[in-house]
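K.L.:
For reference, each letter of the sequence shown is one residue, going 0 to 269 in numbering that gives the first Met the number 0.
Below: one structure in structure tokens.
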Amino acid sequence: MARRLCLITGASAGIGAEFARQYAALGWDLALTARRTDRLEALAKELESAHGISAITIAEDLAKPEAVDAILAALEAKGRHVDALVNNAGYGLPGTFFNTSWEEQADFIRVLYTAPVELAHKVLPGMAERGYGRIINVASLAGYAAGSAGHTLYGSVKAAMIKFTESLNAECAATGQTDIHCTALCPGFTWSEFHDVNGTREDTNKMPKWMWMEAAPVVKAGIDAVNRGQPVVVPGSANKALATLTRILPESLGRAMVSAQSKRYRRMDT
């Protein structure tokens, strides 16, 4: 096919759907994967009609160990390969580490870390062979902040995703893959269904408006950053300031500030 293909996980809503819209507007074909078939198909039809691109929908649950191979097999069966990968799928897991089950925590790790790393590992050889590739891993501003009570693994997984992406981008450059770029996109609070799903919408709606961004500028920041080879990008001036603050504050003060505010966006009950 003449057009390049972008694989987007968690594409049925929010930031993932916005990635689909922006890549389609740039003339890319799409592979859209999430659990909700109806939403994927509606989005695919919308973007095919609007931009004249081709969109493949693949309904898969990344919590399942075989999901990554199933997604890539579906693309191979259609004669397509991945030129850009957006690891966006994710959610918050309310509760504390000891009042949630290990099955819930294991699924969380699989969806937000293991599956994205596996996807990157399995598409990179083809990217290297063709001499072109883009990988955007959607991390979070939470990856910079101190750990909080509730949603126990969220910050640690996002911090790991930032470091993994930095290493991967450095490895591509060090091994001569000068047109394969990897970027960790680290948004703060972004308007989407994320907070509805994890039950914190009522609390987060009380937060100052300056802390929120729309999905469109967040996604554009990620696409622009990966195209110029920037390993990490924090979109928005307020988020940049907060990320800088986490680096210069004494650790004890940072922990105290997060502890004081976390109840507003981290549910400890389930």
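Think of the CB as a built atom: it goes at the ideal place given N, C-alpha and C, for glycine as much as any other residue.
Straight-line CA distance for Q21 to V218?
P.N.:
Within the sequence shown, numbered from 1, the residue matching residue 21 stands at position 22. Within the sequence shown, numbered from 1, the residue matching residue 218 stands at position 219. Approximately 8 Å, taken between the alpha carbons.
K.L.:
Can you name, in chain order, every residue of its own chain whose Cβ lies under 6 Å from the Cβ of G125, other than the five neighbours on each side?
P.N.:
By 1-based counting over the sequence shown, the position of residue 125 is 126. If we look at G125 and ignore the five residues flanking it on each side, its Cβ neighbours are H80.
K.L.:
Could you name each continuous alpha helix (DSSP H) segment of 4 residues or more that falls completely within the segment 47-114, going from the start of the chain to the end?
P.N.:
Segments of the alpha helix (DSSP H) lying fully in the segment 47-114: 66-76, 101-108.
K.L.:
So, for I135: in the same chain, excluding its five sequence neighbours on each side, which residues have a beta-carbon less than 6 Å away from its beta-carbon?
P.N.:
Numbered from 1 along the sequence shown, position 136 holds the residue referred to as residue 135. Closer than 6 Å at the Cβ level, and outside the excluded window around I135, lie V85, T182, L184, G221, V225.
K.L.:
So, helix, strand or coil for H150, using DSSP?
P.N.:
Residue numbering aside, residue 150 sits at position 151 when the sequence shown is read from its first letter. Note: H150 maps to coil in three-state DSSP.
K.L.:
Considering R246, what are the terminal residues of the alpha helix (DSSP H) in which it resides?
P.N.:
Your numbering for residue 246 matches position 247 in the sequence shown. That run of the alpha helix (DSSP H) goes 236-247.
K.L.:
So, with DSSP's three-state summary, where would you put L140?
P.N.:
As a working mapping, residue 140 is identified with position 141 in the sequence shown. Looking at L140 - three-state DSSP - the assignment turns out to be helix.
K.L.:
Go ahead and label G198 buried or exposed: buried means 16 or more other beta carbons lie within 10 angstroms of its beta carbon, across all protein chains shown.
P.N.:
Residue mapping note: residue 198 aligns to position 199 of the sequence shown, counting from 1. Low confidence applies to G198: its pLDDT is 49, below 50, so where it sits in the model is not reliable, and the reading given next is rough at best. The residue in question, G198, is exposed, as its Cβ has fewer than 16 Cβ neighbours within 10 Å.
K.L.:
Once you ignore the five residues that flank L46 on each side, which residues in its own chain have a CB closer than 8 Å to its CB?
P.N.:
Reading the sequence shown from its first residue, position 47 is the one you call residue 46. If we look at L46 and ignore the five residues flanking it on each side, its Cβ neighbours are A19, R20, A23, L29, I52, A54.
K.L.:
Leaving out five residues before and five after E103 in sequence, what residues of the same chain have Cβ atoms less than 7 Å from its Cβ?
P.N.:
Looking up residue 103 in the sequence shown gives position 104. If we look at E103 and ignore the five residues flanking it on each side, its Cβ neighbours are L92.
K.L.:
Helix, strand or coil: how does DSSP classify V233 here?
P.N.:
For the purposes of this step, residue 233 is taken as the residue at position 234 of the sequence shown. Three-state result, V233: coil.
K.L.:
Closest by CA to S147, which one among A172, H50, T56, E250?
P.N.:
To locate residue 147, count along the sequence shown from 1; it is residue 148. Per the Cα distances, E250.
K.L.:
Using a Cβ-Cβ cut-off of 6 Å (strictly less than) and excluding sequence neighbours within five positions of G187, which residues of its own chain qualify?
P.N.:
By 1-based counting over the sequence shown, the position of residue 187 is 188. Correct list, in chain order: L140, N238.
K.L.:
Output needed for D178: all residues of its chain with C-beta closer than 8 Å, excluding positions within five of it in sequence on either side, in chain order.
P.N.:
As a working mapping, residue 178 is identified with position 179 in the sequence shown. G130, Y131, G132, listed in sequence order.
K.L.:
If we ignore side chains and look at the alpha-carbon of each, how far apart do I247 and G142 end up?
P.N.:
Indexing the sequence shown from 1 puts residue 247 at position 248. Indexing the sequence shown from 1 puts residue 142 at position 143. Between I247 and G142, the C-alpha separation is close to 15 Å.
K.L.:
Put A10 into one of helix, strand or coil per three-state DSSP.
P.N.:
On the sequence shown, residue 10 is found 11 positions in, with the first residue counted as 1. Coil.
K.L.:
Determine whether the Cβ of G15 lies closer than 7 Å to any Cβ atom of chain C.
P.N.:
Going by chain labels, chain C is absent from the structure shown, which holds only one protein chain.
K.L.:
I need the boundaries of the beta strand (DSSP E) containing A224, first residue and last residue.
P.N.:
Position 225 of the sequence shown, counted from the start, is the residue given in the question as residue 224. Per DSSP, A224 belongs to no beta strand (DSSP E); it is in the alpha helix (DSSP H), 214-226.
K.L.:
CB-CB under 7 Å to E117, same chain, minus the five flanking residues each way: which ones, in chain order?
P.N.:
For this step, residue 117 is matched to residue 118 along the sequence shown. Around E117: V67.
K.L.:
What does DSSP give as the partner residue(s) for C181 in the beta ladder?
P.N.:
One-based indexing of the sequence shown puts residue 181 at position 182. Answer is I134, bridged to C181.
K.L.:
Starting from L29, follow the beta strand (DSSP E) in both directions and report where the run begins and ends.
P.N.:
Numbered from 1 along the sequence shown, position 30 holds the residue referred to as residue 29. Looking at the DSSP string, the run of the beta strand (DSSP E) that includes L29 is 28-33.
K.L.:
Beta-carbon within less than 6 Å of A69's beta-carbon, same chain only, minus the 5 sequence neighbours each way: which residues are those?
P.N.:
As a first step, residue 69 is located in the sequence shown; it is residue number 70 there, counting from the start. Excluding sequence neighbours, A69 sits near E59.
K.L.:
How is T36 classed by DSSP in three states: helix, strand or coil?
P.N.:
Mapped onto the sequence shown, residue 36 falls at position 37. T36: helix per DSSP, three-state reduction.
K.L.:
So which of I57, H150, L111 has the shortest CA-CA distance to T95?
P.N.:
Translated into positions along the sequence shown, residue 95 becomes position 96. With distances taken between Cα atoms, T95 lies closest to H150.
K.L.:
Pull the bridge partners of L42 from the DSSP assignment, please.
P.N.:
In the sequence shown, counting from the first residue as 1, residue 42 sits at position 43. Bridge partners of L42: none, in fact.
K.L.:
Quick check on DSSP: helix, strand or coil for L25?
P.N.:
As a first step, residue 25 must be located in the sequence shown, where it is residue number 26. Residue state, collapsed to three classes: coil.
K.L.:
How big is the Cα-Cα spacing for C171 and C5?
P.N.:
On the sequence shown, residue 171 is found 172 positions in, with the first residue counted as 1. On the sequence shown, residue 5 is found 6 positions in, with the first residue counted as 1. Roughly 19 Å between the two C-alpha positions.
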